[in-house]
Amino acid sequence: MSAGMNVAQQEAVNYLHGPCLVLAGAGSGKTRVITHKIGRLIQTGMPPKKIAAITFTNKAATEMRERAKALIGREAKDVVICTFHALGVRMVREDGHRVGLKPQFSILDADDVTGILKDAGGSSDIATARTWQWTISKWKNMGLNAEQALAQAADDNERITAVIMSRYEERLTAYQSVDFDDLISLPLRLLRDHEEVRSKWQDVLGHVLVDEYQDTNATQYEVLKHLVGERARFTAVGDDDQSIYGWRGATLDNLKKLPIDFPQLKVIKLEQNYRSTSAILRAANNVIGPNPKLYPKTLFSELGEGEPVRVVDADNEEHEAERAVARIQGLRVNSQHQEFRHFAILYRANHQAKPFEKALRKAAIPYKVSGGTGFFDRAEIKDLCAWFRLWINNDDDPAFLRCITTPKRGIGHTTLGKLGEFATQYKLSLFESLFSASLASLLPAKAMDGLHEFGRYVTDLEYQARRTIGAEDSLAFMLQWLKDIDYEKHLYDGEDSEKVAAARWTNVLEFCDWMAARAGGQTDEDSGTTTIRETKSLLEVAQTIALLSSINQKEKDADVVTLSTLHASKGLEWPHVILAGVTEGMLPFKLDDDEGRQQVVSDDITQRLQEERRLMYVGITRAQRSLAVSWTRKKKKGREMVTAQPSRFIKEMALDAATAKEDPREKLRALRAEFAKKSQDNAAAAAASNALT
């Protein structure tokens, strides 16, 4: 099972009976180690259902599940492979009654949370509510409740936020709801405060493997400690050099704590890289060198020296984009990698994508932007989908809460709180509870009238949607429904910018057109073509929404250049990478304010710089065969162009000056070669066409 593994990988796979930390450098085969270790545990007699492999994204969990199935076979389906949050959902569904939650509790998304916080704080300002949201999330990731946050508040803003957090928590309890952060903090509360729950889960999970361990926050570490107990049968796999999520609570302190909390910890280093050439790894090792080391390691490769890492300077962002496109065109002519999907342009922030998109479009090169917001992830589309979900399943409590509060219908949190308490007591869904005669004893007549009116409206819409068939009738129905609930006004009232509100309303109309087309039997999801099929009711179309992730979704292996932020690129790799915008103030991101005054104390600046250096390291190690690092002499600041300097990280790469500078003449030769090739292809195509005629 473990054939072809190096000595360190084999050691990590075979160490089964105690705490183990696998320091897996970039491209060192960590997923291979995890899946082989799952197989080894099963081989030695551990039931698959008692093994848990925890990741940080659904995508990573899916990939690991597929790899495990390919290696182990059918037994892999019983292994618990999921995210921290998915495991948290399972734990709270099973044991949440101990903290007052029914099994059908609602999970609120970020937009739901923003709305509740606006209500709790008495503010209509979205930006203010999102600031509260960010702070409360940070506190929850630190394991603090509202009372604890108030006790350690550093200033008036934090004290106000802590009070709002208390009101927010009261509303969550009343609504029988949790937010994303609660899916970690509530399992910790259950494990810490209830011995029988702790014993149960320690028995359920015989061995826990944690991927991307360096990205865990303080609460997740405590959950892990309580899950494994004194037996401490776990494997943590991570890389301190790739810790790039400090801004959302991840802490390297979790790596420091392991040998203290688990003195028998075995540390195994994976230093052989199977992804990149020696030239690329040397630049990566040099960049990360100045950072302090918890566990020193040096990546090496047996793939050969490879092409030198190139540094590309440009006059401005537009020129930088043009040079990036020229490099892609040149490499496609001179390299065996002829497909666009072998190329990626990486950058620090989303706004940097624009000039590259423009240059790629001009050159007729297909591309995709990774890490952006998908169509179905937009708040306004999720609002509409919530109504469809409620029509399809009246017991969908999260959809119920979103519909009854978006737009507001004069039904306040006190009424919803009483409704939630009633539903919990009698084990009913919120919608079912609306029509219970006993509810009237808890609520005044006016509140009951409002709830009954909403219930009847939902039932009526469901009835109509079931009988609305075809494109024309479906579109008319949806536009009338949106008018009835005054949704356009809701969007404009909720946005500070009229332009943003108009864009959101355009998205809504696009969604309605798309739904209507599907009801009319038209689909345009296959290769951009239109296929006429049998007409459907609007309700039948609504039932398929949950299976879709975007409109006109491309295949994941489409032949396109990838544009991505560095954060979104983590875990991915490409033969050819262009790391763009590597200027001071962008990478590393500015550490001072506009006047040059320090925003934070010196220690915090140092930590931020170290994380930015790790981000550069992550970008470098995405490249397999070639890497170009580009910077601009000038950059935009507002409406002005200001002088820019190359990032200090370029100097830290310690490249050979004689080979690092990219020669424009070489690019010109490559472009001429490509032009000649295209001319030959066109001539051949013309000759073939003439022959046919």
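So for the sequence shown, the numbering used here puts the first residue at 19; every next one is plus one.
Here a beta-carbon is modelled for each residue, glycine too, at the ideal position from N, C-alpha and C.
**Request:** Look at the alpha carbon of Glu112 and the alpha carbon of Asp233, and state the distance between them as a whole number of angstroms.
**Result:** The count along the sequence shown starts at 1 and reaches residue 112 at position 94. The count along the sequence shown starts at 1 and reaches residue 233 at position 215. Glu112 and Asp233: Cα-Cα distance of roughly 26 Å.
**Request:** Just the C-alpha distance for Ser451 and Asp502, rounded to the nearest angstrom, thanks.
**Result:** Numbered from 1 along the sequence shown, position 433 holds the residue referred to as residue 451. Numbered from 1 along the sequence shown, position 484 holds the residue referred to as residue 502. Computed Cα separation, rounded: 25 Å.
**Request:** Please determine if the stretch 164–172 and the stretch 190–204 are in contact, where contact requires at least 3 C-beta pairs separated by less than 8 Å.
**Result:** Counting C-beta pairs with one atom in each stretch, the stretch 164–172 and the stretch 190–204 have fewer than three that are closer than 8 Å, which means they do not touch.
**Message:** So, does the stretch 336–355 touch the stretch 657–666, judging by three or more C-beta pairs under 8 Å?
**Reply:** Verdict: no, contact absent.
**Item:** 8 Å CB neighbourhood of Lys120 in its chain, flanking five on each side removed
**Value:** Looking up residue 120 in the sequence shown gives position 102. Gly114, Gln194, Ala441, Thr442, Lys445.
**Request:** Return the chain-ordered ranges of every beta strand (DSSP E) run that is complete within the stretch 312–379 and spans a minimum of 3 residues.
**Result:** If one requires a minimum length of 3 residues, the beta strand (DSSP E) runs lying completely within the stretch 312–379 are 328–332, 361–365, in chain order.
**Message:** For the structure I just gave you, are there three or more beta carbon pairs, one from the stretch 395–406 and one from the stretch 356–367, closer than 8 Å?
**Reply:** no
**Prompt:** Hey, out of Val579, Glu480, Ser261, whose CA is closest to Ile596's CA?
**Reply:** For the purposes of this step, residue 596 is taken as residue 578 along the sequence shown, with counting starting at 1. For Ile596, the nearest C-alpha among the options comes from Val579.
**Message:** Using 8 Å for Cβ pairs, my map puts Thr583 next to Thr650. What's the rounded Cβ distance?
**Reply:** Position 565 of the sequence shown, counted from the first residue, corresponds to residue 583. Position 632 of the sequence shown, counted from the first residue, corresponds to residue 650. Wrong, their Cβ atoms sit about 18 Å apart, outside the cutoff.
**Prompt:** Which residues mark the beginning and the end of the beta strand (DSSP E) in which Leu479 is found?
**Reply:** Within the sequence shown, numbered from 1, the residue matching residue 479 stands at position 461. For Leu479, there is no enclosing beta strand (DSSP E); the enclosing alpha helix (DSSP H) has its first and last residue at 463–485.
**Prompt:** Between the beta-carbon of Ala138 and the beta-carbon of Arg185, is there less than 8 Å?
**Reply:** What you label residue 138 is simply residue 120 of the sequence shown in a count that begins at 1. What you label residue 185 is simply residue 167 of the sequence shown in a count that begins at 1. In this structure, Arg185 lies closer than 8 Å to Ala138 by Cβ.
**Request:** Tell me where the alpha helix (DSSP H) around Thr234 begins and ends.
**Result:** By one-based count along the sequence shown, residue 234 stands at place 216. Thr234 -> no alpha helix (DSSP H), and no H or E assigned at all.
**Message:** Using the three-state DSSP reduction, which class does Glu658 fall into: helix, strand or coil?
**Reply:** If you number the sequence shown from 1, residue 658 lands on position 640. Strand, per DSSP.
**Asked** Using DSSP with H/G/I as helix, E/B as strand and the rest coil, what is Arg651?
**Response** Residue numbering aside, residue 651 sits at position 633 when the sequence shown is read from its first letter. If DSSP states are grouped into helix, strand and coil, Arg651 belongs with coil.
**Asked** With respect to the alpha helix (DSSP H) encompassing Leu103, which residues constitute its N-terminal and C-terminal limits?
**Response** The residue given as residue 103 occupies position 85 in the sequence shown. It is His, not Leu, that sits at residue 103 in the sequence shown. Boundaries of the alpha helix (DSSP H) harbouring His103: 102–113, taken from the DSSP string.
**Prompt:** Should Val351 and Ile638 be called a contact, given that it needs their Cβ atoms to be closer than 8 Å?
**Reply:** Residue mapping note: residue 351 aligns to position 333 of the sequence shown, counting from 1. Residue mapping note: residue 638 aligns to position 620 of the sequence shown, counting from 1. In this structure, Ile638 does not lie closer than 8 Å to Val351 by Cβ.
**Asked** Taking Arg632 as the reference, which of Lys311, Asn32, Arg216 has the closest Cα?
**Response** Start at 1 with the first residue of the sequence shown, and residue 632 comes out as number 614. For the residues Lys311, Asn32, Arg216, the minimum Cα distance to Arg632 belongs to Lys311.
**Message:** Can you give me the C-alpha to C-alpha distance between Thr149 and Ile487, rounded to a whole angstrom?
**Reply:** To locate residue 149, count along the sequence shown from 1; it is residue 131. To locate residue 487, count along the sequence shown from 1; it is residue 469. About 44 Å.
**Prompt:** How would you label Ala86, buried or exposed, when you count the other beta carbons within 10 angstroms and need 16 or more for buried?
**Reply:** If you number the sequence shown from 1, residue 86 lands on position 68. Buried.
**Request:** Would you check if the distance between the CB atom of Leu34 and the CB atom of Thr62 is smaller than 8 Å?
**Result:** As a first step, residue 34 must be located in the sequence shown, where it is residue number 16. As a first step, residue 62 must be located in the sequence shown, where it is residue number 44. The Cβ atoms of Leu34 and Thr62 sit closer than 8 Å to each other.
**Asked** Shortest alpha-carbon distance to Gly538 belongs to which of Ser515, Asn525, Ala494?
**Response** Here residue 538 refers to the residue found at position 520 when the sequence shown is read from its first residue. Closest by alpha carbon: Ala494.
**Item:** Own chain partners of Ile286 with C-beta closer than 8 Å, once the 5 adjacent residues on each side are dropped
**Value:** As a working mapping, residue 286 is identified with position 268 in the sequence shown. Result list for Ile286: Ala26, Glu29, Ala30, Tyr33, Cys38, Leu39, Val40, Leu41, in chain order.
**Asked** Are three or more beta carbon pairs between the stretch 423–437 and the stretch 380–390 nearer than 8 Å?
**Response** Cβ pair count under 8 Å is below three, so no.
**Request:** Kindly indicate which three-state DSSP category Met604 falls into: helix, strand or coil?
**Result:** Counting from one through the sequence shown, the residue named residue 604 turns up at place 586. Strand at Met604.
**Prompt:** Which one or two residues does DSSP pair with Ile596 in a beta bridge?
**Reply:** By 1-based counting over the sequence shown, the position of residue 596 is 578. Paired residues: Ile363, Ala646.
**Item:** Short Cβ contact (8 Å threshold) for Val241 with Leu206
**Value:** The sequence position of residue 241 within the sequence shown is 223, counting from 1. The sequence position of residue 206 within the sequence shown is 188, counting from 1. Cβ atoms of Val241 and Leu206: closer than 8 Å.
**Prompt:** Per DSSP, Leu223 forms a beta bridge with which residues?
**Reply:** As a working note, residue 223 is residue 205 in the sequence shown. According to DSSP, Leu223 bridges with nothing at all.
**Local Cβ density within 10 Å of Gly322, reported as buried at 16 or more and exposed below that** = Indexing the sequence shown from 1 puts residue 322 at position 304. It counts as exposed.
**Asked** Any heavy atom of the ligand SAM closer than 7 Å to the CB of Arg216?
**Response** Summarising the ligand content, the structure contains no ligands, and the ligand SAM is consequently not present.
**Prompt:** Is the beta carbon of Val559 less than 8 Å from the beta carbon of Ile262?
**Reply:** Counting from 1 along the sequence shown, the entry for residue 559 is found at position 541. Counting from 1 along the sequence shown, the entry for residue 262 is found at position 244. Cβ atoms of Val559 and Ile262: not closer than 8 Å.
**Request:** Please classify Ala145: is it buried, with 16 or more other beta-carbons within 10 angstroms of its beta-carbon, or exposed?
**Result:** Sequence index remark: in the sequence shown, residue 145 carries index 127 (1-based). Exposed.
**Under the three-state DSSP convention, the category Asp612 falls into** = Translated into the one-based positions of the sequence shown, residue 612 becomes position 594. At Asp612 the pLDDT is 42, less than 50, meaning the model places this residue with poor confidence and gives no usable figure here.
**Request:** Apply the 10 Å Cβ neighbour rule to Thr548 and answer buried if 16 or more other Cβ atoms are within range, or exposed otherwise.
**Result:** For the purposes of this step, residue 548 is taken as residue 530 along the sequence shown, with counting starting at 1. With a pLDDT of 42 at Thr548, under the threshold of 50, the modelled position of that residue is not reliable, and no figure is offered here.
**Item:** Member of Leu434, Leu448, Leu223 whose CA lies at the smallest distance from the CA of Pro462
**Value:** Start at 1 with the first residue of the sequence shown, and residue 462 comes out as number 444. Comparing Cα positions, the closest option is Leu434.
**Through-space distance from Thr80 to Val97, alpha-carbon basis** = Locating residue 97 in the sequence shown gives position 79, counting from the first residue. Locating residue 80 in the sequence shown gives position 62, counting from the first residue. One C-alpha to the other measures close to 12 Å.
**Asked** Val712 to Leu408, Cα distance in whole Å?
**Response** This structure does not reach residue 712, given that the chain is present from 19 up to 711, and the question cannot be answered.
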